[in-house]
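Before any comments, here is the structure.
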Amino acid sequence: LTKAFGAVFAAIGVNEIIKLGDEFTNLNNRLKAVTGSTEEAAKAIRLVTQVAADSRAGLSATASLYADLIIATKDLGTSQAEIADITRVFGQTLAISGADAGAAAGAIRQFGQALASGVLRGDEFNSIAETNSAFMLQLAKALDKPIGALRDLAKEGALTADVVLAATRKMKDSVQADFDLTAVTVGQAFTSLRNATLALFGSIESETGVMEGLAGAIEKLAKSINEMDVGKLVESFDKLVYAAGLLIVVF
Numbered sequence: 008l009t010k011a012f013g014a015v016f017a018a019i020g021v022n023e024i025i026k027l028g029d030e031f032t033n034l035n036n037r038l039k040a041v042t043g044s045t046e047e048a049a050k051a052i053r054l055v056t057q058v059a060a061d062s063r064a065g066l067s068a069t070a071s072l073y074a075d076l077i078i079a080t081k082d083l084g085t086s087q088a089e090i091a092d093i094t095r096v097f098g099q100t101l102a103i104s105g106a107d108a109g110a111a112a113g114a115i116r117q118f119g120q121a122l123a124s125g126v127l128r129g130d131e132f133n134s135i136a137e138t139n140s141a142f143m144l145q146l147a148k149a150l151d152k153p154i155g156a157l158r159d160l161a162k163e164g165a166l167t168a169d170v171v172l173a174a175t176r177k178m179k180d181s182v183q184a185d186f187d188l189t190a191v192t193v194g195q196a197f198t199s200l201r202n203a204t205l206a207l208f209g210s211i212e213s214e215t216g217v218m219e220g221l222a223g224a225i226e227k228l229a230k231s232i233n234e235m236d237v238g239k240l241v242e243s244f245d246k247l248v249y250a251a252g253l254l255i256v257v258f
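Each number in our numbering corresponds to the 1-based position in the sequence shown with 7 added.
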């Protein structure tokens with residue numbers, strides 16, 4: 008198993024490992040902030056990981072939407088499981104609409120921002136209408152309105168968070184049925200692979216704290232450099248360059 012991890016890490020590369028570690032740390036920090044505790048954040052991460060798998064969406068984007076929905080529903084008494092369902096529905100409609108990973112991440116971000124602000128309208132509405140036609144069709148159906156009426160409702164500020172969330176709950180079964188008819192694309196398969204790798208790094212970090220330790224070491228180095236005498240720093244750098252030159256000559 009150790010050799011397998013070593014092969015994976017070697018294939019990914021140090022820079023990508025650091026990026027994945029930072030991505031998970033940012034994801035975890037966001038969930039801690041909105042759930043209020045490490046324990047609830049851990050529960051949220053498990054839910055979000057499953058939602059991303061169920062909808063073939065990016066894990067970070069899914070976690071971001073989940074966090075925004077917690078903010079949007081904080082006064083509605085909505086459970087984490089219900090928030091997970093809403094997040095899953097939106098992700099699945101993106102897959103039905105044929106949105107690629109980049110477009111899907113953008114639409115998820117716009118949807119989350121809109122609901123966190125309390126209303127879906129303006130640029131957020133336009134972005135979702137362009138990227139996620141399946142959601143807009145289901146939204147119109149859930150509200151018992153023609154699809155063309157949604158833009159007017161958005162302009163009037165009638166697509167409030169509670170209205171959109173209730174409609175999203177209502178479309179759950181219909182969306183699942185349509186999603187089950189779709190085939191996995193190569194792009195979605197790679198997204199799932201990246202999600203699995205990110206989740207793996209999260210598990211390793213939770214067990215070992217290796218990325219937190221690395222960040223702390225780099226911070227300590229930066230502090231040491233800041234406190235170092237400039238003359239000594241230049242002298243040390245000159246010695247480093249000289250030593251590197253000797254290595255090149257020797258080898």
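Note that the Cβ used here is the ideal one computed from N, Cα and C, for glycine as well.
Where residue i sits in the DSSP three-state scheme
i    : result
V126 : strand
T45  : helix
T94  : helix
T192 : coil
L34  : helix
D187 : coil
A165 : coil
D107 : coil
G65  : coil
K26  : helix
K39  : helix
K50  : helix
V257 : Since pLDDT at V257 reaches only 36, below the 50 mark, its modelled position is unreliable, and no value is offered.
Residue i vs residue j beta-carbon contact at 7 Å
i    : j    : result
A79  : L122 : yes
R95  : V58  : yes
A51  : T42  : yes
F132 : A161 : yes
K179 : A149 : no
V182 : Q99  : yes
L146 : A174 : yes
I135 : A114 : yes
L101 : N202 : no
Residue i to residue j span [Cα, whole Å]
i    : j    : result
L8   : L207 : Unreliable placement is indicated for L8, whose pLDDT of 48 sits below 50; no coordinate value is reported for it.
A165 : R128 : 9 Å
S210 : V55  : 14 Å
E205 : A70  : The identity of residue 205 in the sequence shown is Leu, whereas the question assumes Glu. Their backbone Cα atoms lie some 12 Å apart in a straight line.
T198 : S62  : 11 Å
V126 : T167 : 4 Å
L27  : N33  : 10 Å
E47  : D151 : 37 Å
I25  : D185 : 38 Å
Residue i - containing alpha helix (DSSP H), residue span
i    : result
A147 : 140 to 149
R158 : 156 to 162
A173 : 168 to 177
L83  : No alpha helix (DSSP H) contains L83, which DSSP labels as neither H nor E.
**OP:** Give a yes or no on contact between the stretch 143 to 163 and the stretch 63 to 82, applying the rule of three or more CB pairs nearer than 8 Å.
**Re:** no
Original post:
Are three or more beta carbon pairs between the stretch 101 to 110 and the stretch 133 to 149 nearer than 8 Å?
Top reply: yes
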